[in-house]
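In the working numbering, the protein residues as written are 5 to 103. The structure under discussion appears below in the form of structure tokens.
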């Protein structure tokens with residue numbers, strides 16, 4: 005009996021928009037070629053990327069424009085904090101440690 009090699013699932017991508025009010029919203033999502041295009045556009049515009057297949061799968065279940073549900077706030081907050089830090093931006097009134 006032969007075994008068929010299972011290919012890795014296609015790439016997925018989810019883009020979030022956060023304006024500081026309410027919860028972040030899903031602004032784009034896709035699989036395969038659509039995911040590649042979302043990633044290309046993000047890279048072209050200097051948007052930091054975080055690779056987390058599990059979080060992308062959960063966020064990918066949401067509809068475009070949906071707010072991130074409270075159950076995912078902590079995970080998304082960590083991604084947003086990463087994005088702020090790598091771009092040198094910080095929330096108003098927040099001062100980084102001098103250490």
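Glycine included, each C-beta is placed from N, C-alpha and C at the ideal position.
Subject >> Beta-carbon spacing of residue 88, residue 94 below 8 Å >> reply: Contact flag set, yes.
Subject >> residue 32: first and last residue of the uninterrupted beta strand (DSSP E) it sits in >> reply: Going by DSSP, residue 32 is part of the beta strand (DSSP E) stretching over 29 to 35.
Subject >> Rounded Cβ spacing between residue 63 and residue 38 (contact assumed at less than 8 Å) >> reply: The Cβ separation is near 14 Å, so there is no contact.
Original post:
residue 72 by DSSP, collapsed to three states: which one?
Top reply: Correct three-state label for residue 72: coil.
**OP:** For residue 96, count neighbouring C-beta atoms within 10 Å of its own C-beta (all shown protein chains included) and say buried if the count is 16 or more, exposed if not.
**Re:** Per the 10 Å Cβ criterion, exposed.
Subject >> Strand pairing of residue 18, partner residues [DSSP] >> reply: Per DSSP, 33.
Original post:
So, is residue 17 buried or exposed, given that buried needs 16 or more other C-beta atoms within 10 angstroms?
Top reply: With at least 16 other beta carbons inside 10 angstroms of its own, residue 17 counts as buried.
Subject >> Chain-order list of residues whose beta-carbon lies under 7 Å from that of residue 69 (same chain, five-residue window excluded) >> reply: By the criterion of a C-beta distance shorter than 7 Å, residue 69 is surrounded in its chain by 29 and 30, once the five residues flanking it on both sides are discounted.
Original post:
Span of the alpha helix (DSSP H) holding residue 25?
Top reply: That residue, residue 25, is in no alpha helix (DSSP H); it is neither H nor E in DSSP.
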